[in-house]
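Numbering of the sequence shown is given in our numbering, commencing with residue 88 and proceeding in unit increments.
Since the structure comes first, as structure tokens, the remarks are kept for the end.
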Amino acid sequence: MHHGPHLPETPYASVAVTGGAGFVGRHLVTALSLLSLKVTVVDHAPLPAELEALPGVSHVRADLRDYGETLLALQGADAVFHLAGNASGTESVADPRRDFQLNALGTCNVGNACLELGVRRLVYLSSAIVYGTPLDSPIREDHPTRPFLPYGASKLSGELTLRSLYATAGLPVVIGRSFVVYGPGEDPRRAGGEVSQFLRWHLNERPIPVVGDIDLKRRDFIHVEDLCRAMLFLAARGADGETYNLGTGTAVSMRELAAAVGTATGRPALLDADTSSLADSFTLLADVTRLTGLGFAPRIPLTEGLTALTSLLGAFPEVPSARAVFRREAPARRVLTAGAAAGVREEAGTC
Ligand SMILES: NC(=O)c1ccc[n+]([C@@H]2O[C@H](COP(=O)([O-])OP(=O)(O)OC[C@H]3O[C@@H](n4cnc5c(N)ncnc54)[C@H](O)[C@@H]3O)[C@@H](O)[C@H]2O)c1
């Protein structure tokens, strides 16, 4: 699904995309290649086959936890899009140290390397998870940041580190906080996003499991291609040191999402609601005033994104195995104070 050239000018010839082999990264690399830029995918995973044939795309295999590798990999880039890291709330609960190394240390390395190499623009893809449980709706960028998952804490650490490098050394960084992303290419074993989960259950003719209140639980879903376009706006027009919400500004309840899934598939969807926890039955909605101020507007309505995804997934796609409930499996260890880790039960990690 490509929606014409409504993209900002991109004053960079050579760009690097960390995490370019991942779900969001593949779409961004494709968009940058279409703009005729020279794109280096920096990722410790192999280059996906779909990117191999794209003009101007090359791959450097590097682990961003290693500073030397990071420095080498980013050499020659005018602009860097930093997407690499752990994107799973569930995995961050299972292994918080790994999550911190990937997201916080990895981001510090990227920021420092950009300074050392004189990179002209760094765009960091952060997440609305840094806000924690919303106090207001819609959420503005100056909303308090009180993440409850290790994933949120590590993403926020990345943000704070990059902002400190802006304040002390002039790092030309722009930060984007993505709301819930959906679109082609999400890994059903890791993806926690409701859109693809709902569709996968329904296409398997199963009721859709949802934790929480189906009317009070509302999310701002952004199509991955719109998210990538928003990142191009940040790169071209974002202010140094500034943070931007990346969403659509529209909240959709779980009931409304199920109805849209029914419309897209031509068969009404059944919800199987578990209301034993209402911990994430809130509205997570972006205030997009800052983003739209750069000239960005989302172009793919949810109904259209769902219809395209439905035909792409086909009948009986793999059902999601990612759990939406974040609970430490192991009993609390001695190093953890009683109650701090035992019984962690949060359900708002889908961004
Ligand atoms: N998917 C979402 O819903 C969502 C929402 C908000 C923010 N984000 C952010 O967007 C970014 C990308 O998310 P995604 O869904 O594409 O994740 P993904 O897991 O599909 O991709 C991440 C990529 O980063 C690479 N990577 C991880 N650690 C690395 C390291 N140390 N060195 C080199 N490469 C490394 C992985 O190999 C992978 O290809 C993440 O930073 C995530 O926090 C994602």
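The beta-carbon is built from N, C-alpha and C at its ideal position, and this holds for glycine as well.
None of these values were measured; they are calculated from a predicted model.
Contact under 7 Å by Cβ, residue i with residue j
i, j, result
"Leu358", "Ile295", "yes"
"Ala164", "Gly245", "no"
"Ile441", "Cys438", "Because the chain is modelled from 88 through 438, residue 441 falls outside the range shown and cannot be assessed."
"Asp300", "Ser398", "no"
"Phe383", "Val339", "no"
"Ala356", "His289", "yes"
"Gly198", "Leu258", "yes"
"Arg152", "Gly205", "no"
"Leu389", "Ala347", "yes"
"Gly401", "Ala373", "no"
"Arg277", "Ser123", "no"
"Arg293", "Leu381", "no"
"Val260", "Tyr269", "no"
"Val210", "Leu321", "yes"
"Leu134", "Val126", "no"
"Glu156", "Pro275", "no"
"Glu178", "Asn332", "no"
"Ser101", "Asp186", "no"
"Ala166", "Tyr99", "yes"
"Phe441", "Asn291", "Look at the range of the chain in this structure, 88 to 438, and you will see that residue 441 is not part of it."
"Met341", "Val297", "yes"
Reduced DSSP category for residue i - H, G, I as helix; E, B as strand; rest coil
i, result
"Phe168", "strand"
"His131", "coil"
"Asp313", "helix"
"Asp359", "strand"
"Ala136", "helix"
"Phe308", "strand"
"Val147", "strand"
"Val375", "coil"
"Ser408", "coil"
"Ser175", "coil"
"Ala103", "strand"
"Thr117", "helix"
"Thr448", "Given that the chain is displayed from residue 88 to residue 438, the structure contains no residue 448 and the question cannot be resolved."
Distance between residue j and residue i (C-alpha atoms, nearest Å)
i, j, result
"Ser363", "Ala345", "20 Å"
"Gly107", "Val128", "5 Å"
"Thr117", "Phe235", "34 Å"
"Gly329", "Leu371", "The sequence shown places Glu at residue 329, rather than the Gly named in the question. If you take the alpha carbons of Glu329 and Leu371, they lie about 21 Å apart."
"Phe110", "Gly172", "12 Å"
"Ser214", "Arg113", "18 Å"
"Val180", "Ala326", "33 Å"
"Gly239", "Thr248", "14 Å"
"Val147", "Leu115", "16 Å"
"Asp361", "Val144", "45 Å"
"Asn196", "Asp130", "14 Å"
"Ser408", "Val104", "28 Å"
"Pro271", "Met318", "18 Å"
"Ala419", "Phe266", "Note that Ala419 has pLDDT 44, beneath the 50 cutoff, so the model's placement of it is unreliable and the number below is only indicative. Distance between the alpha carbons of Ala419 and Phe266: 31 Å."
"Thr220", "Arg305", "13 Å"
"Cys315", "Leu212", "10 Å"
"Thr232", "Ile226", "11 Å"
"Glu343", "Leu252", "42 Å"
"Glu273", "Arg207", "31 Å"
"Glu96", "Thr376", "21 Å"
"Ile387", "Arg287", "20 Å"
"Pro312", "Pro385", "One point to set straight first is that residue 312 is Glu, not Pro, in the sequence displayed. Distance between the alpha carbons of Glu312 and Pro385: 9 Å."
"Ala136", "Leu170", "19 Å"
Which runs of the alpha helix (DSSP H) fall wholly inside the segment 201-251 and span at least 4 residues, in chain order?
DSSP runs (the alpha helix (DSSP H)) wholly in the segment 201-251: none.
Which runs of the alpha helix (DSSP H) fall wholly inside the segment 322-361 and span at least 4 residues, in chain order?
If we require 4 residues or more, the alpha helix (DSSP H) runs fully inside the segment 322-361 come out as 341-352.
Can you list, in chain order, the stretches of the alpha helix (DSSP H) that have 4 or more residues and sit fully within the segment 247-301?
Fully enclosed alpha helix (DSSP H) runs of no fewer than 4 residues occupy 281-290 of the segment 247-301, in order along the chain.
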